[in-house]
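Comments concern the structure below.
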Amino acid sequence: MSKRFFFILIALMAVAAVAATSAVTGSFMDLRDGKKYKTVKIGNQTWMAENLNFKTQDSYCYEDNESKCSKYGRLYKWQVALKACPAGWHLPSEKEFGVLLDVVGGDSIAGEALDFTSNRRLGLGDFPDLTYVFDLDSLLTYEFSTKTLWSFSFGLDRAGYRRDDGIYFVGEEEAFFWCSEEESSYEAWYMGLRIYGSVELDYKPKYYAYSVRCIKD
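With my numbering applied, the sequence shown corresponds to residues 323 to 539, in that order.
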């Protein structure tokens with residue numbers, strides 16, 4: 323067995339293992355304002371498959387444009403985000419985000435695995451040329467393309483963020499979701515998905531306005 327074939331086989335097994343993870347979709351109505359959200363069960367967790375769009379004080383539409391709230395949900399300061407989810411749901415912890423990342427294949431590919439707003443499923447029409455996907459050099463750095471191979475129906479909405487001075491950044495390019503833990507009286511944890519698909523768990527000032535993605539109790 324050649325080394326190239328061996329690496330291709332390993333890559334195929336990795337793709338198959340991640341693609342086999344079930345993602346059961348559903349819906350939920352927020353009785354506070356009547357808005358309906360898509361939901362998805364990934365592993366043992368049930369998530370809203372859309373960013374929260376419940377209007378509260380200290381929540382914002384990107385660039386103060388109401389139409390952006392309809393598309394991307396609202397941006398919340400951390401103190402507001404803690405209590406923004408409806409009854410039966412809550413702001414996820416850093417650990418709960420970590421479980422999600424593990425289920426979809428680890429943080430090295432999670433950004434691409436979750437980065438779908440459609441419900442496209444694994445199918446023959448989704449495969450690009452195999453010599454590109456399983457290029458040996460790419461395999462060695464774990465950078466082979468998986469973006470078009472599966473969808474977990476997470477509905478990743480890249481809403482960007484707002485600073486306390488009212489300036490908005492990276493809308494439609496990057497996504498940031500508050501976690502429930504605070505790092506200090508000044509900062510709190512978040513999960514970020516960057517423009518190139520990388521994932522980070524870090525902390526920022528609580529007055530930043532990030533997206534909220536609720537998880538079921």
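All C-beta atoms in this analysis are idealised placements derived from N, C-alpha and C, irrespective of residue type, glycine included.
Using 8 Å as the threshold, is the segment 351–360 in touch with the segment 369–377, meaning 3 or more CB pairs across them? Contact between the segment 351–360 and the segment 369–377 is present, because at least three Cβ pairs lie under 8 Å.
How big is the Cα-Cα spacing for glutamate 494 and lysine 528? Taking the straight line from one Cα to the other gives about 22 Å.
Could you check where the beta strand (DSSP E) with lysine 363 kicks off and where it finishes? Per DSSP, lysine 363 belongs to the beta strand (DSSP E) from 358–364.
What residue ranges within the segment 347–428 form continuous alpha helix (DSSP H) runs of no fewer than 4 residues, ordered along the chain? List check, alpha helix (DSSP H) in window: 388–394, 400–403 and 416–425.
Sub-8 Å separation of tyrosine 384 and tyrosine 490 beta-carbons: Yes, the pair counts as a contact, with Cβ atoms nearer than the cut-off.
Specify the secondary structure class of aspartate 479 as computed by DSSP and reduced to three states. Per DSSP, reduced to three states, the secondary structure at aspartate 479 is coil, with no helix or strand assignment.
Where does aspartate 486 sit, in a helix, a strand or coil, going by DSSP? Coil, per DSSP.
DSSP three-state assignment for cysteine 536, whether helix, strand or coil: Residue state, collapsed to three classes: coil.
Rounded to whole angstroms, what's the CA-CA distance from arginine 442 to threonine 347? Just pull it up for me. Bear in mind that the predicted position of arginine 442 carries a pLDDT of just 30, short of 50, making it unreliable; the figure below should be weighed with that in mind. In this structure, the alpha-carbon of arginine 442 lies about 12 Å from that of threonine 347.
Please state the DSSP three-state secondary structure of glutamate 495. In the three-state DSSP reduction, glutamate 495 falls in the coil class, being neither helix nor strand.
Going by other Cβ atoms of all chains shown within 10 Å of its Cβ, with 16 needed for buried, is isoleucine 330 buried or exposed? Model confidence at isoleucine 330 stands at a pLDDT of 44, short of 50, so the residue's coordinates are unreliable; what they give is reported in the following sentence. Classified as buried, isoleucine 330 has 16 or more neighbouring CB atoms from the shown chains inside 10 Å of its CB.
According to the neighbour-count rule (16 or more other Cβ atoms, all chains shown, within 10 Å of its Cβ), is tyrosine 508 buried or exposed? Taking a 10 Å sphere around the C-beta of tyrosine 508, we find fewer than 16 other C-beta atoms and assign the residue as exposed.
Backbone secondary structure at serine 506 - three-state DSSP: Here serine 506 sits in coil by DSSP.
Expected contact under 8 Å - CB spacing of proline 312 and aspartate 352 to nearest Å: Because the chain in this structure spans residues 323 to 539, residue 312 falls outside the shown range and cannot be described.
Measure the beta-carbon distance from phenylalanine 499 to serine 533 and round it to whole angstroms, keeping in mind my assumption that it falls under 8 Å. Contact between phenylalanine 499 and serine 533 holds: CB atoms are separated by about 5 Å, below the 8 Å threshold.
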